[in-house]
Amino acid sequence: MAAAASTLDELEAAVAGCRACALCTARTRTVFADGNPTARLMFVGEAPGQEEDAQGKPFVGPSGQLLTDIIAKGMGLDRAQDVYIANVVKCRPPGNRDPLPEEKATCAPFLARQIELVDPKVIVPLGRHAGTHMLQNTASMGRLRGQVVQRDGRAIVPTYHPAYLLRTPSKKRECWADIQLAMAELAR
Numbered sequence: 000m001a002a003a004a005s006t007l008d009e010l011e012a013a014v015a016g017c018r019a020c021a022l023c024t025a026r027t028r029t030v031f032a033d034g035n036p037t038a039r040l041m042f043v044g045e046a047p048g049q050e051e052d053a054q055g056k057p058f059v060g061p062s063g064q065l066l067t068d069i070i071a072k073g074m075g076l077d078r079a080q081d082v083y084i085a086n087v088v089k090c091r092p093p094g095n096r097d098p099l100p101e102e103k104a105t106c107a108p109f110l111a112r113q114i115e116l117v118d119p120k121v122i123v124p125l126g127r128h129a130g131t132h133m134l135q136n137t138a139s140m141g142r143l144r145g146q147v148v149q150r151d152g153r154a155i156v157p158t159y160h161p162a163y164l165l166r167t168p169s170k171k172r173e174c175w176a177d178i179q180l181a182m183a184e185l186a187r
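Here numbering that gives the first Met the number 0 is used: the sequence shown runs in plain steps of one and ends on residue 187.
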């Protein structure tokens, strides 16, 4: 279904109609994306939470507010105009649990096609699930972050998930270093 989509609208419709895994039975709605589909910077989270499931947009709860602050106050960018935000998994796992490997694998073609259609210069995976998915690497987030990985003509700069930063504020400085790496890649 993903490969057949020639536009983001077609891909979003395919995601909305997806029944390929059990997550579709408990969702309120799918969570496709937010932001500018022509942005050069893309953030990728792991999966929608309760707020995102209710509203149909990624990063709208407390971690979304922190991401917005990172984008606006830290990077000097506008969330709606300058970035594009998506998730690896498009439906909320029950109880906000981590997405299962088979759920990530089922949604992987949707994210891959989304990235192709948006064609960002820089991708910032947020958190371990997004980071390991994007880099095809099982290392811890602490080992994944702090570097720029070139893949398919794009710079991938993994960093901590905003929800983790809310629980562990001492890691905000490391996240900021990662964001500076992403900004340097955007400036190239």
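Backbone N, C-alpha and C fix where the C-beta goes; we use that ideal spot for every residue, glycine too.
Residue of the options minimising C-alpha distance to residue i
{"i": "Glu188", "options": "Ser62, Phe109, Gly75 and Met182", "result": "With the chain represented from 0 up to 187, any question about residue 188 goes unanswered, as that position is not in the structure."}
{"i": "Ala19", "options": "Lys103, Ala38, Cys174 and Ala46", "result": "Lys103"}
{"i": "Arg187", "options": "Val14, Arg153 and Gly34", "result": "Arg153"}
Span of the beta strand (DSSP E) around residue i
{"i": "Met41", "result": "Leu40 to Gly44"}
{"i": "Ala154", "result": "Arg153 to Ile155"}
{"i": "Gln149", "result": "Val148 to Arg150"}
{"i": "Tyr83", "result": "Val82 to Asn86"}
{"i": "Pro124", "result": "Val121 to Pro124"}
Whole-angstrom distance between residue j and residue i, CA atom to CA atom
{"i": "Thr27", "j": "Ala53", "result": "6 Å"}
{"i": "Ala12", "j": "Val87", "result": "16 Å"}
{"i": "Thr67", "j": "Lys120", "result": "20 Å"}
{"i": "Thr167", "j": "Ala176", "result": "16 Å"}
{"i": "Met182", "j": "Met74", "result": "8 Å"}
{"i": "Leu125", "j": "Gly48", "result": "14 Å"}
{"i": "His128", "j": "Pro36", "result": "23 Å"}
Start-to-end residues for the alpha helix (DSSP H) that takes in residue i
{"i": "Ile178", "result": "Lys171 to Ala186"}
{"i": "Val14", "result": "Leu7 to Ala15"}
Cβ distance (whole Å) where residue i is taken to contact residue j below 8 Å
{"i": "Ile178", "j": "Ile155", "result": "Actually they are not in contact, since the Cβ atoms of Ile178 and Ile155 sit about 14 Å apart, beyond 8 Å."}
{"i": "Arg144", "j": "Tyr163", "result": "So it is not a contact: roughly 11 Å between Cβ atoms."}
Beta-carbon spacing of residue i, residue j below 7 Å
{"i": "Leu7", "j": "Leu116", "result": "yes"}
{"i": "Arg112", "j": "Ala1", "result": "yes"}
{"i": "Ile70", "j": "Leu76", "result": "yes"}
{"i": "Val148", "j": "Lys89", "result": "no"}
Proximity test, Cβ basis, 7 Å: residue i and chain C
{"i": "His160", "result": "You won't find chain C in this structure, because it holds only one protein chain."}
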